[in-house]
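Novice: Dropping the structure in here first, questions after.
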Amino acid sequence: MLVLCALLTSHDLADTLLPLLQESTADSRLNPSSASKSSKPRYNLTYFSQPSEFLRYIEQEKRSLDCLLIEASDIEASDKLPLLFKKLQQLTILLPTVILETAPPCVGEKEHDPLLNLENKPYHNAVLRVAKTDVQHVDRYVEEAIAKFLRLSTNDPPVHDTPADAVANLTIISSLSQQQQRLAEKLKERLGYLGVYYKRNPANFLRHMTPLERQELLQRLREDYRKIILEYFSSKPGQGDRINQAIDIFVNLAFFSDVSVSQIVEIHIELMDEFSKQLKLEGRSDDILQDYRLTLIDVIAHLCEMYRRSIPREA
């Protein structure tokens, strides 16, 4: 089941979308008698009428959402939509998106198209714009938007509207790659996707950064790794999933900045030395730190998987 979140300002559109997306299969709309009573819905739609509630929900559920639907009238597109995209960009939340417009602009009206007043890259290049009059085909547009999103290259990520920041841009790339892989795995059986294969931009590599950028990135990696170490053996409910997510974020950042395994090992050793000194000051044995070699192995295994996915699979 694909999980959708929509911002719908008109009740009529909401009333139209709900039954369309609650059908079990695409064929069931053409031939209702063919729909199995036990078949599961293809979509789970949650919708809001206020942008603030919409954004709050996305921030809370970003790891489970598959596509966004946004209704945009001419007035809203020139005012609210840029702010909405800007907020999503600041939160580094990248998701397939379908914009439902009042009507697509005519050729002679493109210079007055309010959506063209957005930044050159308002959110990401895979945003799909369709007319609300075609809402009966919304399931097709959702899957088209997801397909475009999966083809979105990590070499051409969205750009912050603030001055260039290497760590921030790498965070965006990491978020994009994580969401692409999650969607690809979810759609693999139903749509036949084989996976997402990552291409890196050498301009983002650690060795090509300025000394200040390099220092900021390594500090970010040290802080993220420390959090992983401190929570790795926690027995709190749901902690396993949270640790895996934290490791994915750390590894994606290391992968796209071309941080070597030896540098990750160095970060681990520095942190273990720090913990060892603290334990000795407290009169305690540091033998327990040997268990954290499992953490290092786990992180390196995740990194190896990223490199495996960077090599396209033969058809």
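Residue numbers (the working numbering): 524 to 838. Beta carbons are placed, not taken as given, at the ideal position from N, Cα and C, and that holds for glycine.
Assign Thr620 to one of two classes, buried (16 or more other C-beta atoms within 10 Å of its C-beta) or exposed (fewer than that).
Specialist: Along the sequence shown, read from residue 1 onward, the residue named residue 620 stands at position 97. It counts as buried.
Novice: Cutting at 6 Å between CB atoms, please list the residues of its own chain near Ile593, excluding the five before and the five after it.
Specialist: The residue you call residue 593 lines up with position 70 of the sequence shown. Leu530, Ile622, listed in sequence order.
Novice: For the alpha helix (DSSP H) holding Phe778, just list the boundary residues, first then last.
Specialist: Residue 778 sits at position 255 when you count from the first residue of the sequence shown. Per DSSP, Phe778 belongs to the alpha helix (DSSP H) from 762 to 779.
Novice: Does DSSP put Thr539 in a helix, in a strand, or in coil?
Specialist: On the sequence shown, residue 539 is found 16 positions in, with the first residue counted as 1. DSSP places Thr539 in helix when its eight states are reduced to three.
Novice: Once the 5 residues before and after Asp771 are set aside, which same chain residues still bring their CB inside 8 Å of it?
Specialist: In the sequence shown, residue 771 corresponds to position 248, counting from 1. Contacts found: Gln701, His825.
Novice: Kindly indicate which three-state DSSP category Ile593 falls into: helix, strand or coil?
Specialist: Position 70 of the sequence shown holds residue 593. Of the three classes helix, strand and coil, the one that applies to Ile593 here is strand, per DSSP.
Novice: In the DSSP assignment, what residue or residues form a beta bridge with Asn567?
Specialist: Within the sequence shown, numbered from 1, the residue matching residue 567 stands at position 44. In the DSSP output, where bridge partners are listed per residue, Asn567 has Val526.
Novice: Closest by CA to Glu667, which one among Cys590, Gln704, Ala726, Phe608?
Specialist: For the purposes of this step, residue 667 is identified with residue 144 of the sequence shown, where counting begins at 1. Checked all of Cys590, Gln704, Ala726, Phe608; the closest Cα to Glu667 is Cys590.
Novice: Please report the distance separating the alpha-carbon of Leu541 from that of Arg737.
Specialist: Within the sequence shown, residue 541 is the residue found at index 18, counting from 1. Within the sequence shown, residue 737 is the residue found at index 214, counting from 1. Distance between the alpha carbons of Leu541 and Arg737 is about 49 Å.
Novice: Excluding the 5 residues flanking Leu588 on each side, which residues of the same chain have their C-beta closer than 8 Å to its C-beta?
Specialist: In the sequence shown, the residue the question calls residue 588 occupies position 65. Cβ within range, chain order: Val526, Leu527, Cys528, Ile581, Leu618.
Novice: Please state if the CB of Ile696 and the CB of Phe756 are separated by a distance shorter than 7 Å.
Specialist: For this step, residue 756 is matched to residue 233 along the sequence shown. For this step, residue 696 is matched to residue 173 along the sequence shown. Not closer than 7 Å, so no.
Novice: Comparing C-alpha positions only, which one of Leu744, Ser758, Asn648 sits nearest to Ala769?
Specialist: Taking the first residue of the sequence shown as position 1, residue 769 is located at position 246. With distances taken between Cα atoms, Ala769 lies closest to Leu744.
Novice: Report the rounded CA-to-CA distance for Thr615 versus Gly806, giving the unit in angstroms.
Specialist: For the purposes of this step, residue 615 is identified with residue 92 of the sequence shown, where counting begins at 1. For the purposes of this step, residue 806 is identified with residue 283 of the sequence shown, where counting begins at 1. Going by the C-alpha atoms only, they are around 44 Å apart.
Novice: So, helix, strand or coil for Leu651, using DSSP?
Specialist: Counting from one through the sequence shown, the residue named residue 651 turns up at place 128. Leu651: strand per DSSP, three-state reduction.
Novice: DSSP three-state label for Ile847, please.
Specialist: A question about residue 847 goes unanswered here, because the residues of the chain that appear run from 524 up to 838.
Novice: Judging by CA-CA distance, which residue of Leu578, Met795, Gly763, Leu740 is the nearest neighbour of Asp810?
Specialist: The count along the sequence shown starts at 1 and reaches residue 810 at position 287. If we check each option's Cα against that of Asp810, Met795 comes out closest.
Novice: Looking only at its chain, what residues have a beta carbon closer than 7 Å to the beta carbon of Gln786, apart from the 5 residues adjacent to it on each side?
Specialist: In the sequence shown, residue 786 corresponds to position 263, counting from 1. Correct list: empty, nothing qualifies.
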